[in-house]
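S.K.: First residue of the sequence shown? That's 4 in the numbering used here, and the numbers climb one at a time after it.
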Amino acid sequence: MGFWKNLFSGSVRGESPEAMASSVNYGASGEEFPLGAGEVSSQTLPDSGSQSLSRFAGSNVRVFFSTDRDLDLYELEELCDAVGWSRRPLRKVKKAIQHSFLVVSMWEVRGAKRRLIGFCRATSDHAFNATLWDVVVHPDYQGKGLGKALMKFLIKKLRSEDISNITLFADPHVVDFYRTLGFMPDPEGIKGMFWYPD
Ligand SMILES: CC(C)(COP(=O)(O)OP(=O)(O)OC[C@H]1O[C@@H](n2cnc3c(N)ncnc32)[C@H](O)[C@@H]1OP(=O)(O)O)[C@@H](O)C(=O)NCCC(=O)NCCS
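Following this line, the structure appears as structure tokens:
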């Protein structure tokens with residue numbers, strides 16, 4: 004988590020990044036899954052997703068994905084706090100969200116209550132490349148296939164925009180999570196490189 008913590012707190016200076024650059028190239032055969040096409044898409048979650056939902060107590064629990072970027076930043080901050088990420092200035096978070104190419108939030112709905120349980124976003128050149136940032140699932144909901152579902156939703160959206168080169172920077176402890184989604188560390192020996200101010 005060191006790299007991300009530092010990146011979020013803006014104190015990466017002088018530290019060697021532990022993160023690993025990964026990428027996935029989804030061609031025409033990119034994975035598809037049954038989600039609605041609107042701004043807000045609800046179950047059925049992709050593959051393990053529907054199965055995951057059955058692990059939640061109660062039958063009126065639903066999980067939604069949304070691409071609406073009008074988020075409550077305090078709620079997002081709580082989610083990031085829950086996984087131990089350092090706080091970031093909210094005005095910068097707001098700006099980063101506004102200028103992202105795609106923002107995906109994941110919500111649990113229990114009756115009338117809605118809770119933010121996951122988030123990720125992508126920046127892009129709008130043509131060839133996208134880079135993923137801030138991939139997070141609330142600890143209460145981890146290990147249920149929801150991170151995978153969130154990522155697949157995001158990748159499907161990027162593929163629908165004809166973006167085929169998707170990259171990210173993975174903390175060492177989550178490299179295998181991204182591998183399960185088809186991301187390759189250092190494909191063909193390509194190294195992620197970083198520049199920080201002195
Ligand atoms: C990484 C994270 C998003 C994964 O979300 P999740 O909902 O727990 O993941 P899932 O349950 O969908 O797991 C999908 C697959 O990845 C595997 N996996 C999940 N987390 C993993 C990890 N940390 N290391 C290795 N494999 C992992 C699961 O075993 C599962 O494998 P399977 O498909 O073979 O069953 C979540 O743990 C998280 O938010 N962590 C804290 C924030 C973070 O580190 N973000 C990444 C920054 S680079």
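Just so it is clear, CB atoms sit at the ideal spot from N, CA and C, and this is done for glycine as well. No experiment lies behind these values; they were computed from the predicted model shown.
Less than 7 Å separating the Cβ of Asp189 from some heavy atom of ligand 1?
M.R.: For the purposes of this step, residue 189 is identified with residue 186 of the sequence shown, where counting begins at 1. No, the beta carbon of Asp189 sits no closer than 7 Å to any heavy atom of ligand 1.
S.K.: Cβ of Cys83 less than 8 Å from any chain D Cβ?
M.R.: Among the chains of the structure shown, chain D does not appear; only one protein chain is present.
S.K.: Taking the beta carbon of Met187 as the centre, do at least 16 other beta carbons fall within 10 Å, making it buried, or is it exposed?
M.R.: Residue numbering aside, residue 187 sits at position 184 when the sequence shown is read from its first letter. Met187 comes out exposed.
S.K.: With respect to 7 Å, is the separation between the Cβ of Gly195 and the closest non-hydrogen atom of ligand 1 below this value?
M.R.: Here residue 195 is taken as the residue at index 192 of the sequence shown, counted from 1. No, since every heavy atom of ligand 1 falls outside the 7 Å radius drawn around the Cβ of Gly195.
S.K.: Check each candidate in Gln145, Arg113, Asp201 and name the one with the smallest Cα separation from Val66.
M.R.: Locating residue 66 in the sequence shown gives position 63, counting from the first residue. Of the listed residues, the one whose Cα sits closest to Val66 is Arg113.
S.K.: So, helix, strand or coil for Asp137, using DSSP?
M.R.: Counting from one through the sequence shown, the residue named residue 137 turns up at place 134. Note: Asp137 maps to strand in three-state DSSP.
S.K.: State the DSSP-derived secondary structure class of His102, mapped to helix, strand or coil.
M.R.: The sequence position of residue 102 within the sequence shown is 99, counting from 1. In the structure shown, His102 sits in coil (DSSP, three-state: anything other than H, G, I, E or B).
S.K.: Do the CB positions of Leu161 and Ala133 come within less than 8 Å of each other?
M.R.: For the purposes of this step, residue 161 is taken as the residue at position 158 of the sequence shown. For the purposes of this step, residue 133 is taken as the residue at position 130 of the sequence shown. The answer is yes: Cβ separation under 8 Å.
S.K.: So, with DSSP's three-state summary, where would you put Ser163?
M.R.: Taking the sequence shown and counting its residues from 1, the one referred to as residue 163 is at position 160. Under the three-state reduction of DSSP output, Ser163 falls in the helix class.
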